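> Residue numbers (this note's numbering): 10 to 134.
I'd like to ask some things about the structure below.
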Amino acid sequence: MNYFSFKRIFTIAAATLLASLAQLSWAHAVLQKSSPASNAVLSAAPKEIRTAFNEALEAAFSTITVSDDIGKMVATAKSNVDPADPKAMSLALPPMTAGRYHVKWTAVTVDGHRTHGTYTFSVRK
């Protein structure tokens, strides 16, 4: 193998490695599913909020909060990352009246990346 062939192979291998590392550094938790779903209109109040992400979450830093339409926090319980499925997080809810509710989530992956989002759902009278 001559010097130029080795240099070309090394360059291609290095570029491939760097591209792979760049993909890893862009990885963030993405909300894949929620219950209740965004913009859902329910006939009965849910007993919990459940979320599913594409990556494992860091339980100590990942949260869900729920507030009513005037901004008052509805749930006093702490959200939990499921130990059996670290991509899932839930929050137990107290009995709720009819109205619109706002869910705010923060997801911190085990590699330290933080993402967040919000959505609403409604409970009919």
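Beta carbons: idealized from backbone N, C-alpha and C, even for Gly.
It should be emphasised that the depicted structure is a prediction, and the values quoted were computed from it without experimental measurement.
How many angstroms separate the CA atom of glutamate 67 from the CA atom of leucine 100?
Taking the sequence shown and counting its residues from 1, the one referred to as residue 67 is at position 58. Taking the sequence shown and counting its residues from 1, the one referred to as residue 100 is at position 91. The straight-line gap from Cα to Cα measures roughly 15 angstroms.
> Residue range of the beta strand (DSSP E) that leucine 40 falls in?
In the sequence shown, residue 40 corresponds to position 31, counting from 1. Unbroken beta strand (DSSP E) run through leucine 40: 40–44.
> Does the distance from the CB of proline 55 to the CB of valine 83 come in under 8 angstroms?
For the purposes of this step, residue 55 is taken as residue 46 along the sequence shown, with counting starting at 1. For the purposes of this step, residue 83 is taken as residue 74 along the sequence shown, with counting starting at 1. For proline 55 and valine 83, no; Cβs fall outside 8 angstroms.
> Relative to the C-alpha of aspartate 91, which candidate in Gln41, Ser71, Asp120 has its C-alpha closest?
Residue numbering aside, residue 91 sits at position 82 when the sequence shown is read from its first letter. When each option's Cα is compared against that of aspartate 91, the closest is Ser71.
> Could you name the residues of the same chain whose beta carbon sits closer than 7 angstroms to that of alanine 65, not counting the 5 residues immediately before and after it, in chain order?
Start at 1 with the first residue of the sequence shown, and residue 65 comes out as number 56. Around alanine 65: Pro95, Lys96, Thr118, Val119.
> What residue range is occupied by the uninterrupted beta strand (DSSP E) comprising threonine 115?
Locating residue 115 in the sequence shown gives position 106, where the first residue counts as 1. Where threonine 115 is concerned, the enclosing beta strand (DSSP E) stretches over 108–117.
> Look at the alpha carbon of asparagine 48 and the alpha carbon of valine 112, and state the distance between them as a whole number of angstroms.
For this step, residue 48 is matched to residue 39 along the sequence shown. For this step, residue 112 is matched to residue 103 along the sequence shown. Taking the straight line joining both Cα atoms gives about 11 angstroms.
> Name, in chain order, the residues that DSSP records as bridge partners for isoleucine 58.
Working through the sequence shown from its first residue, we reach residue 58 at position 49. Leu100.
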